[in-house]
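If you're matching positions, the sequence shown starts at 0 in numbering that gives the first Met the number 0 and goes up one per residue. Each residue gets a CB set at the ideal place from its N, CA and C atoms; glycine is no exception.
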Amino acid sequence: MTDSKYFTTTKKGEIFELKSELNNDKKEKKKEAVKKVIASMTVGKDVSALFPDVVNCMQTDNLELKKLVYLYLMNYAKSQPDMAIMAVNTFVKDCEDPNPLIRALAVRTMGCIRVDKITEYLCEPLRKCLKDEDPYVRKTAAVCVAKLYDISSSLVEDQGFLDQLKDLLSDSNPMVVANAVAALSEINESSPTGQPLVEFNTNTINKLLTALNECTEWGQVFILDSLANYNPKDDREAQSICERITPRLAHANAAVVLSAIKVLMKLMEILAGDNDFCSTLTKKLAPPLVTLLSSEPEVQYVALRNINLIVQKRPDILKHEMKVFFVKYNDPIYVKLEKLDIMIRLASQANIAQVLSELKEYATEVDVDFVRKAVRAIGRCAIKVEPSAERCVSTLLDLIQTKVNYVVQEAIVVIKDIFRKYPNKYESIISTLCENLDTLDEPEARASMVWIIGEYAERIDNADELLDSFLEGFADENAQVQLQLLTAVVKLFLKRPAHTQALVQHVLSLATQDSDNPDLRDRGFIYWRLLSTDPAAAKEVVLADKPLISEETDLLEPTLLDELICHISSLASVYHKPPTAFVEGRSAGVRKSLPARQGSVEDTTVHAEATVIPNQESLIGDLLSMDIGSTIPTATTITAPQSNVDLLGGGLDSLLGGGGAEAPNVSAPSTTGLLGDIFGMPTTSSMYVPPKGCWLPAEKGKGLEIWGTFSRRNGQISMDLTFTNKAMQAMNGFAIQFNKNSFGISPAAPLSIGTIQPGQSLEASLGLSTTGPIQRMEPLTTLQVAVKNNVDIFYYACQIPIQILFTDDGQLDKRVFLTTWKDIPAANEVQYTLNEIKGTSDTLAAKMAQNNIFTIAKRNVEGQDMLYQSLKLTNNIWVLLELKLQPGITHATLSLKSRSVEVATPIFQAYEAILKSA
Numbered sequence: 000m001t002d003s004k005y006f007t008t009t010k011k012g013e014i015f016e017l018k019s020e021l022n023n024d025k026k027e028k029k030k031e032a033v034k035k036v037i038a039s040m041t042v043g044k045d046v047s048a049l050f051p052d053v054v055n056c057m058q059t060d061n062l063e064l065k066k067l068v069y070l071y072l073m074n075y076a077k078s079q080p081d082m083a084i085m086a087v088n089t090f091v092k093d094c095e096d097p098n099p100l101i102r103a104l105a106v107r108t109m110g111c112i113r114v115d116k117i118t119e120y121l122c123e124p125l126r127k128c129l130k131d132e133d134p135y136v137r138k139t140a141a142v143c144v145a146k147l148y149d150i151s152s153s154l155v156e157d158q159g160f161l162d163q164l165k166d167l168l169s170d171s172n173p174m175v176v177a178n179a180v181a182a183l184s185e186i187n188e189s190s191p192t193g194q195p196l197v198e199f200n201t202n203t204i205n206k207l208l209t210a211l212n213e214c215t216e217w218g219q220v221f222i223l224d225s226l227a228n229y230n231p232k233d234d235r236e237a238q239s240i241c242e243r244i245t246p247r248l249a250h251a252n253a254a255v256v257l258s259a260i261k262v263l264m265k266l267m268e269i270l271a272g273d274n275d276f277c278s279t280l281t282k283k284l285a286p287p288l289v290t291l292l293s294s295e296p297e298v299q300y301v302a303l304r305n306i307n308l309i310v311q312k313r314p315d316i317l318k319h320e321m322k323v324f325f326v327k328y329n330d331p332i333y334v335k336l337e338k339l340d341i342m343i344r345l346a347s348q349a350n351i352a353q354v355l356s357e358l359k360e361y362a363t364e365v366d367v368d369f370v371r372k373a374v375r376a377i378g379r380c381a382i383k384v385e386p387s388a389e390r391c392v393s394t395l396l397d398l399i400q401t402k403v404n405y406v407v408q409e410a411i412v413v414i415k416d417i418f419r420k421y422p423n424k425y426e427s428i429i430s431t432l433c434e435n436l437d438t439l440d441e442p443e444a445r446a447s448m449v450w451i452i453g454e455y456a457e458r459i460d461n462a463d464e465l466l467d468s469f470l471e472g473f474a475d476e477n478a479q480v481q482l483q484l485l486t487a488v489v490k491l492f493l494k495r496p497a498h499t500q501a502l503v504q505h506v507l508s509l510a511t512q513d514s515d516n517p518d519l520r521d522r523g524f525i526y527w528r529l530l531s532t533d534p535a536a537a538k539e540v541v542l543a544d545k546p547l548i549s550e551e552t553d554l555l556e557p558t559l560l561d562e563l564i565c566h567i568s569s570l571a572s573v574y575h576k577p578p579t580a581f582v583e584g585r586s587a588g589v590r591k592s593l594p595a596r597q598g599s600v601e602d603t604t605v606h607a608e609a610t611v612i613p614n615q616e617s618l619i620g621d622l623l624s625m626d627i628g629s630t631i632p633t634a635t636t637i638t639a640p641q642s643n644v645d646l647l648g649g650g651l652d653s654l655l656g657g658g659g660a661e662a663p664n665v666s667a668p669s670t671t672g673l674l675g676d677i678f679g680m681p682t683t684s685s686m687y688v689p690p691k692g693c694w695l696p697a698e699k700g701k702g703l704e705i706w707g708t709f710s711r712r713n714g715q716i717s718m719d720l721t722f723t724n725k726a727m728q729a730m731n732g733f734a735i736q737f738n739k740n741s742f743g744i745s746p747a748a749p750l751s752i753g754t755i756q757p758g759q760s761l762e763a764s765l766g767l768s769t770t771g772p773i774q775r776m777e778p779l780t781t782l783q784v785a786v787k788n789n790v791d792i793f794y795y796a797c798q799i800p801i802q803i804l805f806t807d808d809g810q811l812d813k814r815v816f817l818t819t820w821k822d823i824p825a826a827n828e829v830q831y832t833l834n835e836i837k838g839t840s841d842t843l844a845a846k847m848a849q850n851n852i853f854t855i856a857k858r859n860v861e862g863q864d865m866l867y868q869s870l871k872l873t874n875n876i877w878v879l880l881e882l883k884l885q886p887g888i889t890h891a892t893l894s895l896k897s898r899s900v901e902v903a904t905p906i907f908q909a910y911e912a913i914l915k916s917a
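1) Who are the near neighbours of Gln756 in its chain, counting only those whose CB is closer than 6 angstroms to its CB and skipping five residues on each side?
2) Grab the span of the alpha helix (DSSP H) containing Tyr425 for me, first residue to last.
3) DSSP state of Ile951, grouped into three classes?
4) Is the beta carbon of Ala537 sitting closer than 8 angstroms to the one on Leu529?
5) In terms of residues, what are the limits of the alpha helix (DSSP H) holding Thr245?
6) Relative to the C-alpha of Leu161, which candidate in Thr139, Asn172, Asn187 and Ala177 has its C-alpha closest?
7) Between the region 103-120 and the region 58-75, are three or more C-beta pairs nearer than 8 angstroms?
8) If you draw a straight line from the C-alpha of Glu441 to the C-alpha of Gln481, how long is it?
9) Quick check: the Cα distance between Leu872 and Ser840, rounded to an integer number of angstroms?
10) Beta carbon of Thr806, beta carbon of Asn851: below 8 angstroms?
11) To the nearest angstrom, how far is the alpha carbon of Ser869 from that of Asn172?
12) I need the boundaries of the beta strand (DSSP E) containing Phe733, first residue and last residue.
13) Can Ala456 and Leu507 be called in contact, C-beta distance under 8 angstroms?
14) Who does Asp719 pair with in a DSSP beta bridge?
15) Leaving aside the five residues before and after Gln400 along the sequence, list all residues of the same chain whose C-beta is less than 7 angstroms from its C-beta, in chain order.
16) Pick out whichever of Asp533, Val289, Val144 and Pro746 has its Cα sitting closest to the Cα of Lys318.
17) Do the region 314-331 and the region 574-582 touch if we need at least three Cβ pairs shorter than 8 angstroms?
18) From the DSSP output, which residues share a beta bridge with Glu881?
19) How would you label Tyr910, buried or exposed, when you count the other beta carbons within 10 angstroms and need 16 or more for buried?
20) Quick one: residues in its chain with C-beta nearer than 7 angstroms to the C-beta of Ile452, no 5 flanking neighbours on either side, listed in chain order?
21) Can you look up Glu337 in the DSSP assignment and give me helix, strand or coil?
22) Suppose the cutoff is 7 angstroms on Cβ atoms and the five residues either side in sequence are ignored; what does the same chain contact list for Phe907 look like?
23) Are three or more beta carbon pairs between the region 713-724 and the region 742-762 nearer than 8 angstroms?
24) Starting from Pro746, follow its DSSP beta bridges and name the residues at the other end.
25) Relative to the alpha-carbon of Met776, which residue among Ala179, Ala796 and Val106 has its alpha-carbon at the smallest distance?
26) Which residue marks the beginning of the beta strand (DSSP E) containing Lys116, and which one marks its end?
27) Per the DSSP calculation, Tyr574 is bridged to which residue(s)?
28) Alpha carbon to alpha carbon, how far is Ala140 from Gln219?
29) Reducing DSSP to helix, strand and coil, say where Gly758 ends up.
30) Give me the Cα-Cα distance between Met0 and Pro51, rounded to the nearest whole angstrom.
31) At the level of alpha carbons, what is the spacing between Ile341 and Leu570?
32) With respect to the alpha helix (DSSP H) encompassing Thr486, which residues constitute its N-terminal and C-terminal limits?
33) If you measure between the beta carbons of Gly94 and Ala105, is that distance less than 8 angstroms?
34) Please work out which residues of its chain come closer than 8 angstroms, Cβ to Cβ, to Cys128, disregarding the five sequence neighbours upstream and downstream, and give them in chain order.
35) Suppose contacts are defined by Cβ-Cβ distances below 8 angstroms. Is Lys29 in contact with Leu17 by that definition?
36) Label Ala848 either buried or exposed according to how many other C-beta atoms from any shown protein chain fall within 10 Å of its C-beta, with 16 as the threshold for buried.
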């Protein structure tokens with residue numbers, strides 16, 4: 000009989016019965032009783048009252064019974080921590096059992112019991128198990144280190160478990176190596192600083208590659224994921240790693256294949272794109288991806304979502320494999336839609352005939368969603384492959400003739416986009432479209448048709464009648480249609496004013512007086528005022544040339560795409576969102592990115608000049624057309640910073656450089672000086688230095704008094720000190736030391752100060768570096784200092800003014816600023832009100848520039864000046880800011896966005912101090 004019988008009991012007094020059975024002398028009875036307890040626990044009954052009785056069953060030679068007891072312990076130890084201590088001695092004893100299975104079971108269970116009191120006893124058994132002679136015990140212990148790190152990271156570091164774990168990377172057993180890699184990766188990801196605690200080097204990578212061929216499939220996945228985080232030191236090493244990973248592409252497990260592809264995609268960025276090796280590697284990547292599409296639908300879908308990313312990054316890989324993405328009749332809808340998307344991405348002049356033939360076939364299917372997507376795909380083909388546009392339009396007209404309602408409506412929506420892409424080319428089909436006016440019932444299709452009528456009103460004889468027919472049910476129309484109707488009628492009036500005056504007055508009245516929609520009312524009032532005050536201006540505004548649209552509007556933003564490529568074979572690549580968008584906590588601030596690609600200047604330029612219409616989500620979207628001032632062209636002569644900028648993984652060095660304007664025989668001005676000239680400010684004033692404060696009073700320093708402040712001059716950070724001897728004896732032998740701090744600040748040289756006589760004061764300037772050990776302080780800017788002299792050692796703490804950490808290369812290109820602002824989540828935005836602000840936006844911008852806070856652009860919205868600014872801290876944290884200034888009002892609103900939003904408070908304090916300084 001199976002164990003299912005244990006789950007069907009509903010007896011009363013069951014706990015009492017179980018208690019007596021657990022204390023039975025017969026082993027079989029005990030085992031039966033523990034099974035009943037576990038079954039009750041599984042179905043949700045509270046059996047915690049049996050804790051001491053179950054723990055008494057631990058001391059047994061029966062492995063099955065021991066496993067059951069351990070399972071019970073893991074579940075109830077947290078609610079009964081005091082009683083869980085009873086089990087510790089047995090755990091410790093089991094860790095030395097002759098049977099390796101029991102040793103591994105004991106250390107695994109102790110790692111799963113998240114009780115602080117038990118954690119203390121875990122260290123010694125874990126240390127022994129990490130050096131156990133049996134590989135099964137060692138691999139279990141490796142994972143236990145990661146679990147222990149999650150409970151107490153400081154304990155793991157203090158006990159030296161990280162070093163032991165690193166030693167296991169050289170283990171002779173491949174599974175131990177794989178588990179050690181998995182544990183180290185887990186620890187690195189959950190590190191509170193976001194910095195990897197264990198760095199891989201060439202020797203370690205070679206050991207991992209050796210183990211790769213021998214371990215299980217999931218061990219291979221762990222190793223490959225770790226290899227994806229390693230940056231080879233040169234092309235030769237990258238090529239060697241590629242050669243040793245390539246055989247994994249033939250693996251039967253889809254996870255291994257995708258993990259291998261992720262590593263190869265990253266390494267191909269490092270290798271020169273035009274060499275033979277890269278070409279050969281590109282050809283090798285296609286077959287495994289194609290093979291994944293012969294799996295079950297769920298695996299197919301995951302593969303297709305990953306392929307979608309790969310095709311956006313490197314379309315050459317699958318350009319000859321179009322046929323495998325043709326839809327099968329029995330594919331689930333989610334697979335069909337994904338295949339369709341990839342077909343459009345791979346469409347080119349060479350295969351467009353084949354693609355259109357398929358799409359036309361799909362448009363006759365029975366699945367409405369799929370048909371709609373297929374019709375829309377035909378329109379996207381027309382926009383993407385220009386030579387095929389005529390053929391695509393012809394195909395769409397054929398579909399309209401079928402008179403299938405949803406097909407007609409979707410066709411009209413995409414034809415509107417084709418008109419936008421190819422103006423004055425296919426307007427002859429408008430009459431055919433107008434024949435289907437009565438069948439349109441979906442808002443998007445009706446809005447598209449109205450747009451077409453308004454845009455080409457001069458070519459449609461009865462445009463006024465058509466639009467008037469829409470106005471009959473204006474109040475019942477969707478807001479999208481109402482807005483289009485309003486604009487279309489105004490366009491018609493501006494093109495044919497003689498006969499449409501009554502119509503435009505009617506629609507303006509409907510929009511402004513009868514509508515509750517604020518967007519519609521506002522647009523109506525704007526048109527009304529434009530038409531009544533300056534019809535010529537109205538014509539320029541309403542009938543202005545529209546930017547051409549691009550098929551690539553659905554492409555992922557380049558920096559996001561690069562990040563998702565680094566997450567191939569994970570949920571991020573299926574959702575097409577970075578992990579920070581759906582995972583809270585661990586590694587939330589750590590963003591992965593592809594390394595800078597050779598020849599990336601051209602690549603970046605292509606992204607920068609794409610013809611995609613920007614999504615105007617906020618005022619920040621207009622930054623691309625803003626200038627800082629009339630003399631801004633000279634700003635392009637600023638020398639690009641040579642530091643290896645990696646703001647969001649986009650390889651920004653090329654964007655930050657200038658080179659647009661000529662400046663013969665003139666050296667590039669400094670950024671501060673240039674901004675000072677632009678805003679009409681003198682450039683002689685330097686960075687704001689806070690007044691000295693008393694850091695160590697004489698009563699605490701046994702007569703030694705220390706006053707100090709921090710400054711930054713010519714890029715060098717200094718601590719400026721005044722030592723005063725108020726004691727009765729001379730003081731000498733001075734030395735200074737800093738504790739670990741948030742920004743790695745440490746003395747760049749020993750403190751140089753001689754003997755201080757009683758009553759004497761001496762000035763000293765101590766140069767500082769930012770390469771010291773890092774430890775997060777609270778508050779963030781706290782610096783703990785120890786000063787030693789011949790009298791004693793004195794301790795004090797001071798606050799670092801964060802502006803001394805603002806670097807000279809913190810000015811972003813406007814386009815990069817915009818992209819970055821949109822990419823940082825809204826949760827990472829903080830606002831602050833600055834009070835008692837004096838001066839104009841120009842003088843304030845110049846003052847901020849002297850403190851390495853750079854104004855990217857300035858604009859005025861309804862009398863309110865808005866400054867968009869950027870800065871960079873010495874530890875490569877970028878901060879983006881928006882400063883709103885109201886004329887005549889002494890307060891301003893400062894919005895801050897950063898990946899490391901914890902720097903917000905000290906930066907707000909820095910703004911207050913700088914703006915209020917003389």
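Once the coordinates are examined:
1) Within the sequence shown, residue 756 is the residue found at index 757, counting from 1. For Gln756, where only same-chain residues beyond five positions count, the Cβ hits under 6 angstroms are Ala729.
2) As a working mapping, residue 425 is identified with position 426 in the sequence shown. Premise fails: Tyr425 is in no alpha helix (DSSP H) and is neither H nor E.
3) The requested residue 951 does not occur in the structure, where the chain is confined to residues 0 to 917.
4) Here residue 537 refers to the residue found at position 538 of the sequence shown. Here residue 529 refers to the residue found at position 530 of the sequence shown. It is a contact, given that the beta carbons lie within the stated cut-off.
5) Within the sequence shown, residue 245 is the residue found at index 246, counting from 1. Where Thr245 is concerned, there is no enclosing alpha helix (DSSP H), because DSSP gives it neither an H nor an E.
6) Working through the sequence shown from its first residue, we reach residue 161 at position 162. Of the candidates Thr139, Asn172, Asn187 and Ala177, the one whose C-alpha sits nearest the C-alpha of Leu161 is Asn187.
7) Contact holds: three or more Cβ-Cβ distances are below 8 angstroms.
8) The residue you call residue 441 lines up with position 442 of the sequence shown. The residue you call residue 481 lines up with position 482 of the sequence shown. In this structure, the CA atom of Glu441 is about 13 angstroms from the CA atom of Gln481.
9) Taking the sequence shown and counting its residues from 1, the one referred to as residue 872 is at position 873. Taking the sequence shown and counting its residues from 1, the one referred to as residue 840 is at position 841. For the pair Leu872 and Ser840, the Cα-to-Cα distance works out to about 24 angstroms.
10) Position 807 of the sequence shown, counting from 1, holds the residue named residue 806. Position 852 of the sequence shown, counting from 1, holds the residue named residue 851. Yes; because the gap between Cβ atoms is below 8 angstroms, this pair is in contact.
11) The sequence position of residue 869 within the sequence shown is 870, counting from 1. The sequence position of residue 172 within the sequence shown is 173, counting from 1. Each residue's alpha carbon lies about 51 angstroms from the other.
12) Counting from 1 along the sequence shown, the entry for residue 733 is found at position 734. Neither: Phe733 is in no beta strand (DSSP E) and is coded neither H nor E.
13) Translated into positions along the sequence shown, residue 456 becomes position 457. Translated into positions along the sequence shown, residue 507 becomes position 508. Taking 8 angstroms as the cut-off, the Cβ atoms of Ala456 and Leu507 do not count as close.
14) Residue mapping note: residue 719 aligns to position 720 of the sequence shown, counting from 1. DSSP output for Asp719 lists Thr708 and Ser764 as bridge partner(s).
15) Reading the sequence shown from its first residue, position 401 is the one you call residue 400. If the five residues before and after Gln400 are omitted, its C-beta is found closer than 7 angstroms to no C-beta atom of its own chain.
16) As a first step, residue 318 must be located in the sequence shown, where it is residue number 319. The shortest C-alpha separation from Lys318 is found at Val289.
17) Under the 8 angstroms Cβ criterion, the region 314-331 does not count as touching the region 574-582, having fewer than three qualifying pairs.
18) As a working note, residue 881 is residue 882 in the sequence shown. DSSP, once it has assigned bridges, lists Tyr867 and Ser894 as partnering Glu881.
19) Against the sequence shown, residue 910 aligns to sequence position 911. The C-beta of Tyr910 has 16 or more other C-beta atoms within 10 Å across all chains shown, which makes the residue buried.
20) Position 453 of the sequence shown, counted from the first residue, corresponds to residue 452. Excluding sequence neighbours, Ile452 sits near Ile459, Ala462, Leu465, Leu466 and Ala487.
21) Numbered from its first residue, the sequence shown carries residue 337 at position 338. Helix at Glu337.
22) Translated into the one-based positions of the sequence shown, residue 907 becomes position 908. Hits under 7 angstroms: Tyr831 and Leu893.
23) Short answer: they touch.
24) Reading the sequence shown from its first residue, position 747 is the one you call residue 746. Paired residues: Leu767.
25) Numbered from 1 along the sequence shown, position 777 holds the residue referred to as residue 776. That would be Ala796, whose Cα lies nearest to the Cα of Met776.
26) For the purposes of this step, residue 116 is identified with residue 117 of the sequence shown, where counting begins at 1. From DSSP, Lys116 is part of no beta strand (DSSP E) but of the alpha helix (DSSP H) over Asp115 to Leu129.
27) Working through the sequence shown from its first residue, we reach residue 574 at position 575. For Tyr574, no pairing in a beta bridge is given by DSSP.
28) Position 141 of the sequence shown, counting from 1, holds the residue named residue 140. Position 220 of the sequence shown, counting from 1, holds the residue named residue 219. Roughly 19 angstroms between the two C-alpha positions.
29) If you number the sequence shown from 1, residue 758 lands on position 759. Gly758: coil per DSSP, three-state reduction.
30) Here residue 0 refers to the residue found at position 1 of the sequence shown. Here residue 51 refers to the residue found at position 52 of the sequence shown. For Met0, the pLDDT reaches just 43, beneath the cut-off of 50, and the residue's location in the model is therefore unreliable, leaving the point undetermined.
31) Mapped onto the sequence shown, residue 341 falls at position 342. Mapped onto the sequence shown, residue 570 falls at position 571. Their backbone Cα atoms lie some 19 angstroms apart in a straight line.
32) Taking the first residue of the sequence shown as position 1, residue 486 is located at position 487. DSSP places Thr486 in the uninterrupted alpha helix (DSSP H) bounded by Ala478 to Lys494.
33) The residue you call residue 94 lines up with position 95 of the sequence shown. The residue you call residue 105 lines up with position 106 of the sequence shown. Reading off the sequence shown, one finds Cys at residue 94, where the question assumed Gly. The answer is yes: Cβ separation under 8 angstroms.
34) As a working note, residue 128 is residue 129 in the sequence shown. The residues are Cys94, Arg102, Ala103, Val106, Val136, Arg137, Thr139, Ala140 and Cys143.
35) Here residue 29 corresponds to residue number 30 of the sequence shown, with the count starting at 1. Here residue 17 corresponds to residue number 18 of the sequence shown, with the count starting at 1. For the pair Lys29 and Leu17, the CB atoms are not nearer than the 8 angstroms cut-off.
36) Stepping through the sequence shown from its first residue, residue 848 is reached at position 849. Buried is the call here.
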